[in-house]
Each structure stands twice: as structure tokens, then as C-alpha cells.
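*Asks:* Chains as they are written, first to last, in this note's numbering: chain D, 2 to 229; chain W, 2 to 229.
All residues carry an ideal CB built from backbone N, CA and C; glycine is no exception.
The structure follows.
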DNA sequence: GGCCCAATTTGACGTCGATCAAACTGGGCC
DNA sequence: GGCCCAGTTTGATCGACGTCAAATTGGGCC
């Protein structure tokens, strides 16, 4: 399951220190967290944990993308969140139950830091900056999951895609272009769409000046996307 | 907007003390929270706060139901969560930004306790039980919002209704009956359905032994609902 | 540069749920 | 008990998206 599994080396400590979670900690707490981190690399499609397993650790992603999803009785999958470099996941179980509530899978080769829940719980009791950082992360994830519900319920496929493109645009107006950091099928899942529906949404955005070639998306006019 | 607005009296302090949030606090923190609570009653349909307003307070509901929702550009509404007695809401803004991110509206006559965010932030720094209780609440809300996304994406209307009924069933098997605590249109919204779709879902569940008369739902066999 | 295979796109079709309009009902109130 | 009206149900229609199958493409690799 785990390719490698070791304590964080200097390079990995530096990467971790740049994440918003670790940066929010006091120097003392930060170094305790770094000392407690276990680093592992996993190949694409590997399972990180499964729904129902005992939730002993939570994770911080250093490189690659991870898919959090649940499976229905008839085998269909629904993505809950896609995590990228710097994102934490399963932190909702620090005070939220003792079993994982969804599956986590590497969407490509990934490097991740694993933290022991119990250790962090104890750290949070002693150092208020730890509790504060956890609360900030939980709030952030809660708000974006709420956004997800609202998007699903109010927007059509082309609108969700336009929204997504806007969040990843550097500029506020005019033409620009974006390179997707992952496969389209992953993007489809995070928008709650079948890959075919994403493809059709892109092609319906052609009239709005959006051109797709592989992972590169050309946007004729950012303003125009705002009123899809 | 606010009918009454006063400090919590004995009756209200008792109600508040029974909520899972307050019960998780140390005696000291608990009494500070109760002292800081402002009680208000509001009539059905009244707005409690709107998206974009400065987020100065969060709330704990003492009686009635509150709808959290967002409005799309073309005026359609999507419910994010329905809160009942004992539920907290807008607590995700304690460490999650300075503006409300959704609207809150009384679904019927409600009594609610208002807490000053800044006061509670300070309390959380001093007393770890406060931070712990906030984290537990945030985790709980995050997990149930994730459930909501998954339900929307994987289940049809009859399945969502069956799920809902199962969560509110006292018994594990055999026949039973349930009384909805609110209007069907509110239930429809929380399941992400139009009222018509909820009605049709109920009528499609008749073949599974579900009978509806007003707010009373008769269930022939709880087991049967599990494999809708 | 060409090959190859997985990823993506396109086409055809079915189903689910939104919407609008009209009929009905149940529960609060006198 | 009867009235009344908001809330709910029913009917008809439509658009959006999922699914399956087949065609196409792009990007990694030699």
C-alpha cells in the first residue's frame, strides 16, 4: 500500500511549512507537527483509506491530487472533494467520529504527510493556535462544501464549468488561458458530472469564446463567462 | 425585525444548557456563554440575516425551524441546511470570514439565542473546551453537508425520501408512523427537490407501504424502505 | 516522426425532475 | 360544524443529464 513511509526530511518539512495549516501554528506547535509527520508516496489509483476503516490519521497532501468519494450500493461513485497540494483531508474526524466516512484515492502519484489524530488532539488542547488552525480549516471546508451543494442545485453543467474557470482565472477581464492540473474526468467528478456531460458543457461554451485543446483552455473574454 | 431582544431568562438558560454545544463546555465557559446570549423571537418568514452582511453573531435555535439558503442570480433559491431546536448556525464564520455566506430565514415562529463572534473567539482562546465544542460542531456540519452532496449525486427523489424517513424512524423494523415537524415544502427544499417532486416521490413510495395523510406518514415496514 | 492506448468526444436514447397550470385538501379559525 | 386559503397534489410538457456504444484524439514513448 505505502511505497515509502518515513519521517519528513528537510525538503518535505519545507513543503509542509508552506501549507496554510502549518503556517497558522505557533513555532512550538509547528515543529511538533513536523516532527510527528509521516511521509508516504503512493502510485496513481492507490487507495489511501476506505470508508468504515478506523480513523487513526488525517493527511496533508504535498504533491499530486487525491479524490474523496463515496460509493453507492449499486457501485456508482460520487466525488465529495478533490484535494490538491497543500490541502488537508479527513481532518473532520479529529472531533467527528472514529471511522472514515468516505474513501480516499490517489488520482495520480502523490506524496502525503500523515498525522496521528490522537497526537494532534492532545496538541490542540495545549496550544490554542492548533485548535484555531483546525477550526479555520474545518470552516473553510464546510463553506466550500456548502458552495458545492448550492452549485449542484442551482447551476447547469455549463454554468458550473464557467464558475470553475472563473475561480482559476488570474485576470478579471479580457482573454486568458488555463492549463488544467488534472484529467478532465477528475474535473467532471468534482463538478458532479459524467465525463460526457463535461465534454458537452465545454462545447456549449464555445459560443462564449471558450476553446479546448487537451488540457489547455483558451478563454476569449473572462467577462463573458460571468453571465453564462 | 426582532420582536424581543433580551438576556436569557431562567427558562431559556435551561433550554440552552440542553444543547449539545453548551453541554460540551466546562462549567465556567458554559456560564459565560449563557451570560453572553441574547434571546430574540421572530415571526415566520422573517429574515435573520442575509448573505453579504457583516457576520457579527452566530446563533443557536431554541424553538422552531430556520432555513439556510442561497439565491441564484435569476432568483431561484437552494436550501443549504434546515436547523431545528438545539442547532447552531453560522458558527462556520467564527474562523471563516467576516461576511455571512448565505441567508437565514425563520421557517415559522422561532426563538433564538444570539452570540457575539468576537466574544466567543476570545473565550475559545482561553478555554479549550470551547474550541473543542466548536470543532465538534463544525465537523458534524461538514460531515452532514458531505452526506448531502453525495445524496444529491447518487440518489433519486424516492431514495432520498426513504433515507429521510429511515433517519427519523424510532424502530429498526416493522410498521411505524412519523409526524413531520414542518411543512412538506420545507422538507422538499432540504432534500433538494421541488415540492411537486417530493409529492410524487411519496406517491411512488406507496408501493413500498408508505401512506401520507397531511403531516403524518404511515410506514408499513421499515425494512422495506431500506432497499428502495 | 510515428505508434498506441487511454482519455475524450460525439451520437442516440431514456429517465428524472423542474416548471406551469389547474384541481384538491386539510387544518386553523370563527 | 362550515369556511377559507395556503399548502399540496395531479397532469402535461420540456430540458438537462446519465448511460451505452462508437469514433476520435492527444500525448507519452520509442
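For residue 203(W) and residue 189(W), I'd like the C-alpha separation in whole angstroms.
*Replies:* Stepping through the second chain from its first residue, residue 203(W) is reached at position 202. Stepping through the second chain from its first residue, residue 189(W) is reached at position 188. Going by the C-alpha atoms only, they are around 11 Å apart.
*Asks:* Would residue 36(W) pass as an interface residue toward chain D - the criterion being a Cβ-Cβ separation below 8 Å?
*Replies:* Indexing the second chain from 1 puts residue 36(W) at position 35. Residue 36(W) does not count as touching chain D.
*Asks:* For residue 129(W), which residues in chain D fall below 9 Å Cβ to Cβ?
*Replies:* Within the second chain, the letter at position 128 stands for residue 129(W). Simply 125, 126, 127, 129, 132.
*Asks:* Please classify residue 153(D): does DSSP put it in a helix, a strand, or coil?
*Replies:* The residue labelled residue 153(D) in the question sits at position 152 within the first chain. If DSSP states are grouped into helix, strand and coil, residue 153(D) belongs with the helices.
*Asks:* Can you tell me the Cα-Cα spacing of residue 73(W) and residue 196(D), whole angstroms?
*Replies:* Taking the first residue of the second chain as position 1, residue 73(W) is located at position 72. Taking the first residue of the first chain as position 1, residue 196(D) is located at position 195. The straight-line gap from Cα to Cα measures roughly 25 Å.
*Asks:* On the DSSP letters alone, give me the boundaries of the alpha helix (DSSP H) that residue 160(D) sits inside.
*Replies:* Taking the first chain and counting its residues from 1, one reaches residue 160(D) at position 159. That run of the alpha helix (DSSP H) goes 158-168.
*Asks:* Using three-state DSSP, classify residue 2(W) as helix, strand or coil.
*Replies:* Counting from one through the second chain, the residue named residue 2(W) turns up at place 1. With a pLDDT of 47 at residue 2(W), under the threshold of 50, the modelled position of that residue is not reliable, and the figure given next carries that caveat. In this structure, residue 2(W) counts as coil in the three-state DSSP scheme.
*Asks:* Whole angstroms are fine: how far does the CA of residue 153(W) sit from the CA of residue 77(D)?
*Replies:* Counting from one through the first chain, the residue named residue 77(D) turns up at place 76. Counting from one through the second chain, the residue named residue 153(W) turns up at place 152. Their Cα atoms are separated by approximately 13 Å.
*Asks:* Taking residue 146(D) as the query, report the chain W residues whose CB atoms sit under 7 Å from its CB, ordered along the chain.
*Replies:* Indexing the first chain from 1 puts residue 146(D) at position 145. Near residue 146(D) (Cβ distances below 7 Å), the residues of chain W are 143, 146, 147, 150.
*Asks:* Quick one: what does DSSP say residue 121(W) is sitting in, helix, strand or coil?
*Replies:* Stepping through the second chain from its first residue, residue 121(W) is reached at position 120. It is helical.
*Asks:* For a quick check, are the C-beta atoms of residue 79(W) and residue 70(W) less than 8 Å apart?
*Replies:* In the second chain, residue 79(W) corresponds to position 78, counting from 1. In the second chain, residue 70(W) corresponds to position 69, counting from 1. Going by C-beta atoms, residue 79(W) is nearer than 8 Å to residue 70(W).
*Asks:* Can you tell me which of the three DSSP states residue 229(D) falls into?
*Replies:* Reading the first chain from its first residue, position 228 is the one you call residue 229(D). Residue state, collapsed to three classes: coil.
*Asks:* Once DSSP output is grouped into helix, strand and coil, what is the label at residue 25(D)?
*Replies:* Counted from its first residue, the first chain places residue 25(D) at position 24. DSSP places residue 25(D) in coil when its eight states are reduced to three.
*Asks:* Report the three-state DSSP secondary structure of residue 90(W) (helix, strand or coil).
*Replies:* Counted from its first residue, the second chain places residue 90(W) at position 89. Strand.
*Asks:* Report yes or no: is there a C-beta of chain D within less than 8 Å of the C-beta of residue 140(W)?
*Replies:* By one-based count along the second chain, residue 140(W) stands at place 139. So, interface residue.
*Asks:* Given residue 52(D), which residues of its chain have a CB within under 7 Å of its CB, disregarding the five upstream and five downstream residues?
*Replies:* One-based indexing of the first chain puts residue 52(D) at position 51. If we look at residue 52(D) and ignore the five residues flanking it on each side, its Cβ neighbours are 71, 101, 102, 103, 104.
*Asks:* Cα separation between residue 169(W) and residue 93(W)?
*Replies:* Here residue 169(W) corresponds to residue number 168 of the second chain, with the count starting at 1. Here residue 93(W) corresponds to residue number 92 of the second chain, with the count starting at 1. C-alpha separation (whole angstroms): 26 Å.
*Asks:* Could you tell me the boundaries of the alpha helix (DSSP H) in which residue 234(D) lies?
*Replies:* For chain D, the structure presents residues 2 to 229; residue 234(D) sits outside this window and is missing.
*Asks:* Going by C-alpha distance, which of 181(D), 229(D), 194(D) is nearest residue 213(D)?
*Replies:* Taking the first chain and counting its residues from 1, one reaches residue 213(D) at position 212. If we check each option's Cα against that of residue 213(D), 181(D) comes out closest.
*Asks:* At a cut of 8 Å, does the stretch 109-120 of chain W reach the stretch 34-41 of chain W through at least three beta carbon pairs?
*Replies:* Enough Cβ pairs lie closer than 8 Å, so yes.
*Asks:* Go through its chain and collect everything with a Cβ distance to residue 138(W)'s Cβ below 7 Å, but skip five positions before and after it.
*Replies:* For the purposes of this step, residue 138(W) is taken as the residue at position 137 of the second chain. Here the set comprises 22, 89, 92.
*Asks:* Tell me the DSSP secondary structure of residue 103(D) in three-state form.
*Replies:* Within the first chain, residue 103(D) is the residue found at index 102, counting from 1. Of the three classes helix, strand and coil, the one that applies to residue 103(D) here is coil, per DSSP.
*Asks:* Taking the straight line between their C-alpha atoms, what separation do you get for residue 172(D) and residue 162(D)?
*Replies:* Here the question's residue 172(D) lines up with position 171 in the first chain. Here the question's residue 162(D) lines up with position 161 in the first chain. So the two alpha carbons sit approximately 17 Å from each other.
*Asks:* With a threshold of 8 Å between beta carbons, is residue 165(D) in contact with chain W?
*Replies:* Position 164 of the first chain, counting from 1, holds the residue named residue 165(D). Answer no: the Cβ-Cβ gap between residue 165(D) and chain W never drops below 8 Å.
*Asks:* Start and end of the beta strand (DSSP E) containing residue 58(W)?
*Replies:* Position 57 of the second chain, counting from 1, holds the residue named residue 58(W). Taken as a continuous stretch (DSSP letters only), the beta strand (DSSP E) holding residue 58(W) covers 58-64.
*Asks:* Just the chain D side, please: which residues come within less than 7 Å of residue 155(W) by C-beta, in chain order?
*Replies:* Counting from one through the second chain, the residue named residue 155(W) turns up at place 154. Here the neighbours are 73, 77, 79.
*Asks:* When you compare each of 50(D), 49(D), 38(D), 85(D) to residue 66(D) by their alpha carbons, which one comes out closest?
*Replies:* Indexing the first chain from 1 puts residue 66(D) at position 65. That would be 85(D), whose Cα lies nearest to the Cα of residue 66(D).
*Asks:* Would the beta-carbon of residue 126(W) fall within 8 Å of that of residue 174(W)?
*Replies:* Stepping through the second chain from its first residue, residue 126(W) is reached at position 125. Stepping through the second chain from its first residue, residue 174(W) is reached at position 173. No, Cβ-Cβ distance for residue 126(W) and residue 174(W) is not below 8 Å.
*Asks:* Give me the chain D residues within the contact set of residue 171(W), using Cβ-Cβ distance strictly less than 9 Å, ordered along the chain.
*Replies:* Looking up residue 171(W) in the second chain gives position 170. Per Cβ cutoff of 9 Å: no residues; residue 171(W) is ~22 Å from chain D at best.
*Asks:* Give the residues of chain W in contact with residue 8(D), contact being defined as C-beta atoms less than 7 Å apart.
*Replies:* Looking up residue 8(D) in the first chain gives position 7. Here the premise fails: no neighbours, minimum Cβ distance about 27 Å.
*Asks:* Looking at the strands, I want to know which residues DSSP matches up with residue 180(D).
*Replies:* Counting from one through the first chain, the residue named residue 180(D) turns up at place 179. According to DSSP, which records beta bridges pairwise, residue 180(D) is partnered with 217(D).
*Asks:* Looking at residue 136(W): is its Cβ nearer than 8 Å to the Cβ of residue 132(D)?
*Replies:* As a first step, residue 136(W) must be located in the second chain, where it is residue number 135. As a first step, residue 132(D) must be located in the first chain, where it is residue number 131. Yes; because the gap between Cβ atoms is below 8 Å, this pair is in contact.
*Asks:* Would you kindly work out how many angstroms separate the C-alpha atoms of residue 17(W) and residue 193(D), rounded to a whole number?
*Replies:* Within the second chain, numbered from 1, the residue matching residue 17(W) stands at position 16. Within the first chain, numbered from 1, the residue matching residue 193(D) stands at position 192. Approximately 39 Å between the Cα atoms of the pair.
*Asks:* From the beta carbon of residue 103(W), is the nearest beta carbon of chain D less than 8 Å away?
*Replies:* Start at 1 with the first residue of the second chain, and residue 103(W) comes out as number 102. Closer than 8 Å to some Cβ of chain D, the Cβ of residue 103(W) qualifies, so yes.
*Asks:* Rounded to a whole number of angstroms, what is the C-alpha to C-alpha distance between residue 25(W) and residue 166(D)?
*Replies:* Taking the second chain and counting its residues from 1, one reaches residue 25(W) at position 24. Taking the first chain and counting its residues from 1, one reaches residue 166(D) at position 165. Going by the C-alpha atoms only, they are around 42 Å apart.
*Asks:* If you drop the 5 nearest sequence neighbours on each side, which residues of the same chain put their C-beta closer than 7 Å to that of residue 209(W)?
*Replies:* Start at 1 with the first residue of the second chain, and residue 209(W) comes out as number 208. 225, 226, 229, listed in sequence order.
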